[in-house]
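*Asks:* Pasting a structure below so you can have a look.
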Amino acid sequence: MLEQIVHSVKLLQPETALAVTFCVLLVLDLVVRRKSNLAAWLALLGLVVTAFFVLQQASSGQNSIFFNMLAVDSFSVFFKFVILASSFLIILFSLQSDELNSGTRRLGEYYSLIIALTLGMFLMTGASNLLMMYLSIELTSISSYILAGYTKEAEDSSEASLKYVIYGAVSSGMMLYGISMLYGLTGAVDIYGINRALTEGDINLMALMIASILMVAGFGYKISAVPFHFWTPDVYEGAPITITAFLSVASKAAGFAMMMRFFKVSFLDPTVGNLAMGAWASFQGFEWNQLLAAISVLTMTLGNLVAIWQNNLKRLLAYSSIAHAGYMLMGVVVLSNEGLAAVLIYFVVYLFMNLGAFYTVMIVANKTGSEDIEAYKGLGYRTPLIGVAMTIFLLSLTGIPPTAGFVGKLYLFAALINGKWFWLVVIGALNSVVSLYYYVRILRNMFLKTPERSAEPIQFSFAHVTILLVLLIPTILLGVYFGPLVEYAQASLVMFGIQ
Amino acid sequence: MNFYDTIFYFFAFVTLVSAAIVVFSKNIIYSAFSLLFTFFGVAGIYVLLNADFIAVAQLLIYVGGILVLLLFGVMLTNKVVSVEMKTGTLQTIPASIIVAMTAGALCGVFYMTDWKIVRSVPQMTTTANSLGEMFMTTYLLPFEVASVVLLVALVGAAMIARRDRAIQNLKPKI
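Here's what the structure looks like:
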């Protein structure tokens, strides 16, 4: 017993580093009275240390620690990298955000909560016990509620926070109900035990289906899948833009990681098919992937159709992020390693292009104080660099070659075709066409409309350009040279407990 | 229905009715007081489930601590006693259809499923000891994570409640 705990603590180093950073930042905020950016730099340092530990984990093989509470495997390490990269970028964004740095607002707590949020998402990627899943979702949610309302003086920020809390409470209540039903059916709280109970058979599939629908309420809320998406537009619009960007990428990645682990480990029949070869089989008569397929279609269609009507860029990107969650769900529906790898690839691509789009919106909002599409009139002539960067991010979000978004969609659709899900491919492709319309609407405003006379070019510093390039280069580079990414994603599919 | 079942239904009834009053009452004082019975009913169910420690903790912390604080908060706040709370209902017909369908499905599932039931319930002993042991061994990680969750919630509560002089000087952005 003691050996296992000692062994587990060694494999918990990244999370420990984050927890320590969180506490240090809290204490620092009490000690240092004057306003400074010290907290941000310390948070960045903490993330670097964490990254070092995650790198060490990458070579430690597949482990399950703390009595099957948490899995440390290649799959979770992959998502930890995605989450770390986005937290790192978000802290850099925050340093430049006028919205946050206005007045004498103190940001010590802000940075410490970002670290706590990262910790919650780390735990989500590895959680292999229903109790741990619930706790990590709560840690992530509570930190994001506070961060969404961090600019208290803005009314829509408080409104966003409140709406987020209410929807969050409902969906975590539903998820808890699902957990209790699953426990009642299988008598196990860890996903390996659930799988064992299902293999032994004799379980009411109707009850199992309802339990998994309730579980999907919890996951769907995190990844903002229809019909659990209602909070997304309001929260994304009201929250500080750095937090919006963070929620749209990292929170979604963590939610997907947890959902994929839950479904793959607990609901796949290990006696049928060959998991190592990538052919999965769900239990006889329990077609949970049909449920996910329906959610996926609803999610992307609604996201894309509603996005057409949006004039606020934050809101538009919120609906576009709902649509992207729908695309990525298609990869889970296929029930193959290929589909899963496609989701992983998509997430890396999505990280750069979506954060890039949000970063551009932030730079423009810093200058003009507006996120309205009208503020983008003639931006391509006023400030060519920003205009061109935004164009590339938007084209990538649509999935037009040679950008990275194309590669992401290519692998998703290829997996679907190999899995014989032709009708889903058609719907996905049609949705991409619809999405082109509203992305191009922004482009039209930037390049085909003349700027108003009073509009000045947007000033930006060297730091702005650096961050913009850090996001821009991968978005283009991954579109033409994606071999290593694909290989790494395919090697990262191993989850503990599945041979 | 044996004696045990009768007690269970009694506590379940108390919990549900008082919870309904918490939600539907227009007077916040009534809501706060009927929350007392909700907590009490839940504590009773815990006792029936042989979870003596949790039942006591429920009484001590929720009834003894949180509820009293809540009541003080309500009473010390100006005018809150007389404030009419908005408890309007919207979209009654679609909501009731969905609720009826969900409730029907859940009830159906509950009757048709044979749940995993432990038949041999061990003799009731104090659970505090084994709970403590499990917190330090099998459930060490959730226990520690729960403390982080609480810390974050605490920071958030302080953040929301704090009056920020600096921020008041800022003009609200419209």
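From first to last, the protein sequence lines are chains W and H.
Per my numbering, the first sequence starts with residue 10, numbered consecutively.
Per my numbering, the second sequence starts with residue 6, numbered consecutively.
From the three backbone atoms N, C-alpha and C, an ideal C-beta is built for every residue, glycine too.
Measure the C-alpha to C-alpha separation of residue 134/H and residue 201/W and round it to an integer number of angstroms.
*Replies:* 28 Å
*Asks:* Alpha carbon to alpha carbon, what distance is there between residue 56/W and residue 434/W?
*Replies:* 39 Å
*Asks:* Can you tell me whether residue 70/H is buried or exposed? The criterion is at least 16 other CB atoms within 10 Å of its CB, across all chains shown.
*Replies:* It counts as exposed.
*Asks:* Run through chain W and tell me which residues come within less than 8 Å of residue 110/H, C-beta to C-beta.
*Replies:* 219
*Asks:* Please tell me whether residue 178/H has its Cβ less than 8 Å away from any Cβ of chain W.
*Replies:* Unreliable placement is indicated for residue 178/H, whose pLDDT of 45 sits below 50; no coordinate value is reported for it.
*Asks:* Hey, how far is the Cα of residue 27/W from the Cα of residue 62/W?
*Replies:* 11 Å
*Asks:* Within a Cβ cutoff of 7 Å, which residues of the same chain sit near residue 302/W, ignoring the five residues on either side of it in sequence?
*Replies:* 342, 433
*Asks:* Can you find a CB in chain H that lies within less than 8 Å of the CB of residue 380/W?
*Replies:* no
*Asks:* Kindly indicate the opening and closing residues of the alpha helix (DSSP H) around residue 41/W.
*Replies:* Segment: none, residue 41/W is in no alpha helix (DSSP H) and carries neither H nor E.
*Asks:* Could you work out which residues of chain W lie near residue 154/H, taking near to mean beta carbons separated by less than 7 Å?
*Replies:* In chain order: 144, 147, 148, 151.
*Asks:* Output needed for residue 129/H: all residues of its chain with C-beta closer than 8 Å, excluding positions within five of it in sequence on either side, in chain order.
*Replies:* 55, 57
*Asks:* Using beta-carbon positions only, say whether residue 340/W and residue 424/W come within less than 8 Å of one another.
*Replies:* yes
*Asks:* Can you give me, in chain order, the residues of the region 196-223 of chain W that have a beta carbon less than 7 Å from any beta carbon in chain H?
*Replies:* 196, 213, 215, 216, 219
*Asks:* Is it right to say residue 178/H is buried, meaning 16 or more other beta carbons lie within 10 angstroms of its own, or is it exposed?
*Replies:* Residue confidence for residue 178/H is low, a pLDDT of 45 falling below 50, so the modelled location carries little weight and cannot support an answer.
*Asks:* Who are the near neighbours of residue 504/W in its chain, counting only those whose CB is closer than 7 Å to its CB and skipping five residues on each side?
*Replies:* Within the same chain, Cβ atoms closer than 7 Å to the Cβ of residue 504/W are found at 80, 82, 84, 270, 273, 274, the five residues on either side in sequence being excluded.
*Asks:* Residues of chain W with a CB under 8 Å from the CB of residue 117/H: which are they?
*Replies:* Chain W residues near residue 117/H: 213, 215, 216.
*Asks:* Which of the three DSSP states is assigned to residue 74/W in this structure?
*Replies:* DSSP places residue 74/W in strand when its eight states are reduced to three.
*Asks:* Quick check on DSSP: helix, strand or coil for residue 178/H?
*Replies:* Summary for residue 178/H: the model assigns pLDDT 45, below 50, so the residue's position carries little reliability, and this model does not support an answer.
*Asks:* Run down chain H in chain order and give the residues with a C-beta less than 7 Å from the C-beta of residue 78/W.
*Replies:* 146, 147
*Asks:* Using only the alpha-carbon positions, how far apart do residue 104/H and residue 251/W sit?
*Replies:* Cα to Cα, residue 104/H sits roughly 38 Å from residue 251/W.
*Asks:* Determine which residues share a DSSP beta bridge with residue 79/W and list them.
*Replies:* 74/W, 136/W
*Asks:* Between residue 492/W and chain H, is there a C-beta pair that is closer than 8 Å?
*Replies:* no
*Asks:* Taking Cβ-Cβ distances shorter than 8 Å, what residues in chain W pair up with residue 106/H?
*Replies:* Correct list: empty, because the minimum Cβ distance to chain W is about 12 Å.
*Asks:* Terminal residues of the continuous alpha helix (DSSP H) containing residue 473/W?
*Replies:* 471-489
*Asks:* Might you give, ordered along the chain, the residues of its own chain that have their beta carbon closer than 8 Å to the beta carbon of residue 25/H, omitting 5 neighbours on each side?
*Replies:* none
*Asks:* If the cut is a Cβ gap below 7 Å, which residues of chain W does residue 114/H touch?
*Replies:* 215, 216, 219
*Asks:* Counting Cβ pairs closer than 8 Å, one from the region 100-115 of chain W and one from the region 465-476 of chain W, do we hit at least three?
*Replies:* yes
*Asks:* Could you check whether the region 260-268 of chain W touches the region 219-234 of chain W, counting it as contact only if at least three pairs of C-beta atoms, one from each stretch, sit closer than 8 Å?
*Replies:* yes
*Asks:* Whole angstroms is fine: what's the gap from residue 511/W's alpha carbon to residue 218/W's?
*Replies:* The structure shown does not extend to residue 511/W, since chain W is modelled only from 10 to 508, so the question has no answer here.
*Asks:* Report the neighbours of residue 143/H on chain W: residues whose CB is nearer than 7 Å to its CB, in chain order.
*Replies:* In chain order: 76.
*Asks:* Mind checking which residues open and close the alpha helix (DSSP H) that includes residue 23/H?
*Replies:* 8-29
*Asks:* Can you confirm whether residue 371/W, when its beta carbon is compared against all beta carbons of chain H, has any partner nearer than 8 Å?
*Replies:* The Cβ of residue 371/W sits no closer than 8 Å to any Cβ of chain H.
*Asks:* I need the straight-line Cα distance from residue 30/H to residue 312/W, nearest angstrom please.
*Replies:* 38 Å
*Asks:* In three-state terms, what does DSSP make of residue 6/W?
*Replies:* Within the shown structure, residues of chain W are numbered from 10 to 508, placing residue 6/W beyond reach of any answer.
*Asks:* My assumption, with CB atoms under 8 Å, is that residue 3/W sits in contact with residue 353/W. Please give the rounded CB distance.
*Replies:* Past the edges of chain W, shown from 10 to 508, lies residue 3/W, and the structure says nothing about it.
*Asks:* Does the contact criterion of 3 or more C-beta pairs under 8 Å hold for the region 233-248 of chain W versus the region 316-329 of chain W?
*Replies:* yes
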